[in-house]
Structure formats: C-alpha cells, structure tokens
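What follows is a single structure, written as structure tokens, with notes after it.
Residue numbers (the numbering used here): 42 to 317.
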C-alpha cells in the first residue's frame with residue numbers, strides 16, 4: 042500500500058462515526074414528547090399560514106380570524122405541555138443519547154419560529170404598522186429564543202434556576218400580547234421587551250414539584266379559556282383577556298421582584314457597613 046493509500050484509509054477511518062451509534066438512534070418516551078412538541082409547533086404555523094392563504098385567495102382584506110389564532114395557541118400550549126413533561130419522563134425512566142438536542146430543536150420550532158410567525162400574521166398585514174418593524178420584532182423573538190436555548194445548554198446557574206426568561210414562557214407572553222392588543226406600533230414594542238428578557242441574566246425559578254403542578258394547571262386553564270373563546274361562547278372574550286393579562290403580569294412581575302430584592306440587599310449591606 043502506498044503512502045497516499047494509507048493516508049486515504051486513515052481519513053476514512055477518522056470520518057467513521059464513533060460511540061454507541063445504535064443506542065443514539067433509539068427513541069425514548071421523552072423523545073416522543075419532544076417530537077410531539079415539534080409537531081404541535083409545525084401545525085400551529087400551518088394553521089396560521091392557512092388562515093392567511095384562504096383570506097388572500099378570497100380576494101378580501103386579510104384580518105386575523107380568532108378561530109385560527111385560537112387553534113394555533115392551543116397547539117402551542119399542547120407543545121408546552123409536552124415540553125414540561127419530557128424532562129420529567131426522561132428523569133423518571135431513561136433519556137436517549139440525543140434527547141437534549143431533540144428537546145432544543147423542538148423548542149426552536151414551537152417557541153421560537155411559531156410565535157415569530159404569529160407576530161407576522163398578527164401585524165404584518167396592518168398598514169398602520171411598518172412591515173420592517175414587524176419583521177424585526179418577529180426576528181428578535183426567534184433569535185432571542187435560539188440564543189436562550191444555546192446558552193441554556195452551555196451555562197448552568199449556581200441556584201439551578203433559569204437564566205433569562207424560559208423560551209416557552211416567552212412564547213406564551215408573545216401570544217398573550219397578540220391576543221390582548223390590536224396591532225399598532227405601541228403594541229409591537231413590548232415584543233422586543235420579551236425578547237430582551239429571554240437573553241437577560243435575570244433568573245427565573247425552575248418549575249419543580251408544586252410549582253410544576255401549578256404551571257401544568259395554568260396551561261390546562263388557558264387551553265379551556267382558549268377553547269371557549271375560539272368557539273364563540275358567552276364570556277369567551279373576557280376569559281381570554283384575563284388570561285392574557287395575567288400572563289403578561291406574571292412575566293413582568295418576576296424581574297421587578299428581583300430588582301426590588303437586590304435593592305433591599307444593597308441597602309442592608311450598606312447599613313451593615315455603616316454600623317460596622
């Protein structure tokens with residue numbers, strides 16, 4: 042064998058996959074939930090796209106149909122439920138070699154691209170809102186979500202909590218803004234605030250135990266409210282407004298509480314130094 046043949050053989054050997062390849066292709070129960078999350082995000086985008094396509098094909102001025110928006114939001118909430126349980130199932134039973142990667146990829150679809158696309162459908166057809174502003178706001182949601190997930194995979198906090206607003210909560214807050222307010226320049230601006238919170242260093246509590254149960258109950262209540270609203274039943278409009286307002290309030294209250302807590306700690310430290 043010549044030197045060239047030997048080097049070629051070595052290159053081929055280097056390119057061959059190493060490690061437990063067979064195990065890497067086995068899907069666990071947690072992976073199925075991650076795939077369900079991704080499917081829910083894809084279907085939500087399809088529902089929103091279909092609403093725009095059917096409206097444009099009919100030749101009438103496009104306006105967001107509450108039924109399509111309600112269906113898309115329910116799908117995103119189902120995806121969030123799958124995302125909440127996949128980690129629990131993985132810890133309870135077993136996780137595959139690609140479980141973490143599947144989880145992050147599914148989150149990008151359901152909580153990054155889908156809410157960004159919803160922003161475009163919500164405000165992109167409104168002549169009162171500059172289309173460039175809408176696209177930048179949608180892109181900020183997507184990019185902040187991608188950065189948030191990448192940082193989550195690389196950086197671990199000492200407290201074990203989330204650094205930055207978790208992407209599912211960020212997506213639900215964007216959805217709440219879309220459902221709560223008509224599109225305008227002033228209602229698009231808070232979406233940038235949600236994107237900032239996702240990439241900020243503010244620590245949000247990780248749902249464990251009773252908190253995880255409370256988060257699941259909150260999702261189920263939202264699904265019920267959205268179903269009532271989308272079906273056009275009595276009181277549906279009030280329910281969806283109350284739920285959306287509470288979602289925005291919860292996300293805004295946590296950073297404010299942390300800022301107040303840090304301010305109190307600084308005051309205590311200064312007083313201790315003055316007394317000492």
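Where a beta carbon is used, it is the ideal one built from N, C-alpha and C, also for glycine.
Item: With C-beta atoms as the reference, is residue 158 less than 8 Å away from residue 186?; Value: no
Item: Look at the alpha carbon of residue 164 and the alpha carbon of residue 210, and state the distance between them as a whole number of angstroms.; Value: 21 Å
Item: What are the boundary residues of the alpha helix (DSSP H) that residue 221 is part of?; Value: 208 to 221
Item: Quick one: using the 10 Å Cβ neighbour count with 16 as the cut-off for buried, is residue 68 buried or exposed?; Value: exposed
Item: Indicate the three-state DSSP secondary structure (helix, strand or coil) for residue 203 in the structure shown.; Value: strand
Item: Using a C-beta cutoff of 8 Å, does residue 98 count as contacting chain D?; Value: No chain D is part of this structure, which consists of one protein chain only.
Item: Tell me whether the segment 283 to 292 and the segment 217 to 226 touch, counting them as touching only if at least three CB pairs, one residue from each stretch, are closer than 8 Å.; Value: yes
Item: Residues in the same chain with beta-carbon distance under 7 Å from residue 189, minus the five sequence neighbours each way, listed in chain order, please.; Value: 205, 208, 239 and 240
Item: What separation, rounded to the nearest whole angstrom, lies between the Cα atoms of residue 184 and residue 99?; Value: 34 Å
Item: Taking 8 Å as the threshold (C-beta atoms), are residue 150 and residue 77 in contact?; Value: no
Item: On the DSSP letters alone, give me the boundaries of the alpha helix (DSSP H) that residue 151 sits inside.; Value: Where residue 151 is concerned, there is no enclosing alpha helix (DSSP H), given that its DSSP letter is neither H nor E.
Item: Find out if the Cβ-Cβ distance for the pair residue 71, residue 140 is shorter than 8 Å.; Value: yes
Item: Going by beta-carbon coordinates alone, are residue 17 and residue 182 separated by less than 8 Å?; Value: The displayed coordinates of the chain run from 42 to 317. Any statement about residue 17 would go beyond what the structure contains.
Item: Keeping to the same chain, check which residues put their C-beta closer than 6 Å to that of residue 301; ignore five residues upstream and five downstream.; Value: none
Item: If distances are taken between C-alpha atoms only, which option among 111, 116, 138 and 144 comes closest to residue 126?; Value: 144
Item: On a Cα-Cα basis, can you pick out the residue from 244, 254 and 282 that is closest to residue 266?; Value: 282
Item: Just to confirm my understanding: we take residue 88, look at its own chain, exclude 5 residues before and 5 after, and list those with CB closer than 6 Å. What are they?; Value: 109, 112 and 113
Item: Given this structure, state the Cα-to-Cα distance separating residue 118 from residue 311, to the nearest angstrom.; Value: 45 Å
Item: Quick one: which unbroken alpha helix (DSSP H) runs of 4-plus residues sit fully inside the segment 172 to 197? Chain order, please.; Value: 172 to 195
Item: Measure the C-alpha to C-alpha separation of residue 85 and residue 307 and round it to an integer number of angstroms.; Value: 45 Å
Item: CA-CA distance, residue 225 and residue 161?; Value: 12 Å
Item: Name, in chain order, the residues that DSSP records as bridge partners for residue 142.; Value: Answer is none; residue 142 lacks a bridge partner.
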